[in-house]
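> For what it's worth, the numbering used here labels the leading residue of the sequence shown as 280, then goes sequentially. Here a beta-carbon is modelled for each residue, glycine too, at the ideal position from N, C-alpha and C.
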Amino acid sequence: MRRSRMLAAAIAATALGLAGCSGGGADDGRRTKEVRAAQTMGQGEGLVSLVSWNGYAESGGNDPRVDWITPFEKKTKCQVKMKYAANPQEMLDLMSNPDLHYDGVAATPEIAGELIASKQAVPINTDLIDDYKDLEPELRSQLTVKGKHYAVPFTWGANLLMYDPRTVRPQPDSWAALFDSAQAKKYSGRLVVRDSPLTLGDAALYLRSHNRKLHIKDPFALTPKQLAAAAALVDKQRPMVKTYWLNPSDAIAAFATGDAVLGEVWPYQVDVLSRSGRPVAGVTPREGVTGWMDAWMMSPRADHPNCMYQWLNWASSPEVQQQVAEWDGVAPANPDACARDRLRPQFCSAYHVGDRGYLSKVMFARMPAASCVNSKSCADYADWNRAWRDARD
Numbered sequence: 280m281r282r283s284r285m286l287a288a289a290i291a292a293t294a295l296g297l298a299g300c301s302g303g304g305a306d307d308g309r310r311t312k313e314v315r316a317a318q319t320m321g322q323g324e325g326l327v328s329l330v331s332w333n334g335y336a337e338s339g340g341n342d343p344r345v346d347w348i349t350p351f352e353k354k355t356k357c358q359v360k361m362k363y364a365a366n367p368q369e370m371l372d373l374m375s376n377p378d379l380h381y382d383g384v385a386a387t388p389e390i391a392g393e394l395i396a397s398k399q400a401v402p403i404n405t406d407l408i409d410d411y412k413d414l415e416p417e418l419r420s421q422l423t424v425k426g427k428h429y430a431v432p433f434t435w436g437a438n439l440l441m442y443d444p445r446t447v448r449p450q451p452d453s454w455a456a457l458f459d460s461a462q463a464k465k466y467s468g469r470l471v472v473r474d475s476p477l478t479l480g481d482a483a484l485y486l487r488s489h490n491r492k493l494h495i496k497d498p499f500a501l502t503p504k505q506l507a508a509a510a511a512l513v514d515k516q517r518p519m520v521k522t523y524w525l526n527p528s529d530a531i532a533a534f535a536t537g538d539a540v541l542g543e544v545w546p547y548q549v550d551v552l553s554r555s556g557r558p559v560a561g562v563t564p565r566e567g568v569t570g571w572m573d574a575w576m577m578s579p580r581a582d583h584p585n586c587m588y589q590w591l592n593w594a595s596s597p598e599v600q601q602q603v604a605e606w607d608g609v610a611p612a613n614p615d616a617c618a619r620d621r622l623r624p625q626f627c628s629a630y631h632v633g634d635r636g637y638l639s640k641v642m643f644a645r646m647p648a649a650s651c652v653n654s655k656s657c658a659d660y661a662d663w664n665r666a667w668r669d670a671r672d
């Protein structure tokens, strides 16, 4: 998987109601202004500057058959200038730098909340996005604050339990197979786990059902005590882990060679291995699953807001969503990508595209923050990073 994301400028500034198209926060850091969503969309400025993951904006360089940038440029006359980020922190740094004027970013859950809180993202006028109402409602609600929409959902996925049925018996139906050290040790040295602080959310999801004294309600809003309990599970699990995967292909390789038989994966790995004839199965544990959503967000310093809106239109169309889903192995935010045989039925079933009953049960990741409901003291994302690093290393 390759991850690892419109009037002339003077008229646009007026149409968007943004101060010099800079909006939300003053670049000099001395003051902030309320940023209003665009009211109209005009002629493109000829360029759009984006921050993204590899694979989220393809122009045929990796495969000449995979290109949704060139048709966009021909249709809109907006040339795409792309900066590929290596990780979420780099994305956040690029979008927060007052000297940089990127128009938008394919934001991950780790940084989306911070971009909103620090006024590094502006509200989106969803009436200007042709296919916005076709995007999954559960996803549209993820980055809506006080009735304002700060993002256009792009892709999503869930974290599943995958196993090799030849070795793992009986069939696991709980995260206990991975997070209960007594059970996990049966397959010691053959486990794979996602290398992300947000994996602590999966451990917390397990603890929510199996250690009720911790009173965990939201696996992404943890008190220091709850976070420590989740980290303790990861610490006990660590000697049994074969691979901590950042690149999804690493998990695929571990299962393909037989080095791994049980682990935390995305539907992508289950799909790829199953289609290649490998004996694997994906399970939605009885405790539930966490998930993630990547979404396009717009900068308050956007110099090309009209081209950015045209990109938001383009990226959420079912035709582009189909290409992104196939190329990156992700679920499209627009379920119409599965209509008219755009995506094969097996893909849509494996990724739960259009399955709103399933989507409603996914607990979507977001950036942990110090303030959370019913608690005066929650662990923030820096705390999660430290806890993950200490437990993982």
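Rounded to the nearest angstrom, what separates R309 and P377 at their Cα positions?
What you label residue 309 is simply residue 30 of the sequence shown in a count that begins at 1. What you label residue 377 is simply residue 98 of the sequence shown in a count that begins at 1. Bear in mind that the predicted position of R309 carries a pLDDT of just 32, short of 50, making it unreliable; the figure below should be weighed with that in mind. Their backbone Cα atoms lie some 12 Å apart in a straight line.
> Helix, strand or coil for S650, going by three-state DSSP, please let me know.
Start at 1 with the first residue of the sequence shown, and residue 650 comes out as number 371. S650: coil per DSSP, three-state reduction.
> Report the three-state DSSP secondary structure of T536 (helix, strand or coil).
If you number the sequence shown from 1, residue 536 lands on position 257. Looking at T536 - three-state DSSP - the assignment turns out to be coil, as it is neither helix nor strand.
> With 16 as the cutoff for other CB atoms within 10 Å, does Q589 come out buried or exposed?
One-based indexing of the sequence shown puts residue 589 at position 310. Burial call: buried.
> For G383, tell me which candidate among D607, D481, P584 and A604 has the shortest Cα-Cα distance.
Position 104 of the sequence shown, counted from the start, is the residue given in the question as residue 383. G383 has its Cα closest to that of P584, out of D607, D481, P584 and A604.
> Within a Cβ cutoff of 8 Å, which residues of the same chain sit near G325, ignoring the five residues on either side of it in sequence?
Stepping through the sequence shown from its first residue, residue 325 is reached at position 46. Counting only Cβ-Cβ distances below 8 Å, and skipping sequence neighbours, we find K356, C357, Q358, H583 and C586.
> Does L506 come within less than 7 Å of chain B when only Cβ atoms are used?
Included in the structure is just one protein chain, with no chain B present.
> Can you give the Cα-Cα distance for H631 and S639, rounded to whole angstroms?
Reading the sequence shown from its first residue, position 352 is the one you call residue 631. Reading the sequence shown from its first residue, position 360 is the one you call residue 639. Each residue's Cα considered, the two are about 11 Å apart.
> Cutting at 6 Å between CB atoms, please list the residues of its own chain near D307, excluding the five before and the five after it.
Taking the sequence shown and counting its residues from 1, the one referred to as residue 307 is at position 28. Because the pLDDT of D307 is 36, which lies under 50, any placement of that residue in the model is unreliable, and the number read from its coordinates should be weighed accordingly. Taken in chain order, the list of residues that qualify is empty.
> Identify whether G392 lies in helix, strand or coil by the three-state DSSP scheme.
As a first step, residue 392 must be located in the sequence shown, where it is residue number 113. Here G392 sits in helix by DSSP.
> Tell me the DSSP bridge mates of H380?
One-based indexing of the sequence shown puts residue 380 at position 101. According to DSSP, which records beta bridges pairwise, H380 is partnered with nothing at all.
> Does the beta-carbon distance from W575 to V431 come in below 7 Å?
Position 296 of the sequence shown, counted from the start, is the residue given in the question as residue 575. Position 152 of the sequence shown, counted from the start, is the residue given in the question as residue 431. It is a contact, given that the beta carbons lie within the stated cut-off.
> In whole angstroms, what is the alpha-carbon distance linking T569 and W347?
What you label residue 569 is simply residue 290 of the sequence shown in a count that begins at 1. What you label residue 347 is simply residue 68 of the sequence shown in a count that begins at 1. The alpha-carbon atoms of T569 and W347 are separated by roughly 30 Å.
> Which residue marks the beginning of the beta strand (DSSP E) containing S328, and which one marks its end?
The residue given as residue 328 occupies position 49 in the sequence shown. Here the beta strand (DSSP E) through S328 covers L326 to S331.
> If you draw a straight line from the C-alpha of R635 to the C-alpha of E415, how long is it?
In the sequence shown, the residue the question calls residue 635 occupies position 356. In the sequence shown, the residue the question calls residue 415 occupies position 136. Those two C-alpha atoms are separated by around 8 Å.
> Sort F458, S453 and V551 by Cα distance to P564 and report the nearest one.
Sequence index remark: in the sequence shown, residue 564 carries index 285 (1-based). When only C-alpha atoms are compared, the closest one is S453.
> Within 8 Å, do at least three Cβ pairs link the segment 469-480 to the segment 529-547?
The segment 529-547 vs the segment 469-480: in contact.
> Might you give, ordered along the chain, the residues of its own chain that have their beta carbon closer than 6 Å to the beta carbon of G561, omitting 5 neighbours on each side?
Walking along the sequence shown from the start, residue 561 turns up at place 282. So the list reads L439, M441 and V549, once near-sequence residues are dropped.
> Could you give the first and the last residue of the continuous beta strand (DSSP E) run that contains E369?
Residue mapping note: residue 369 aligns to position 90 of the sequence shown, counting from 1. Careful: E369 lies outside any beta strand (DSSP E), inside the alpha helix (DSSP H) at P367 to S375.
> Leaving aside the five residues before and after T387 along the sequence, list all residues of the same chain whose C-beta is less than 6 Å from its C-beta, in chain order.
Here the question's residue 387 lines up with position 108 in the sequence shown. The answer, listed in chain order, is P367 and D573.
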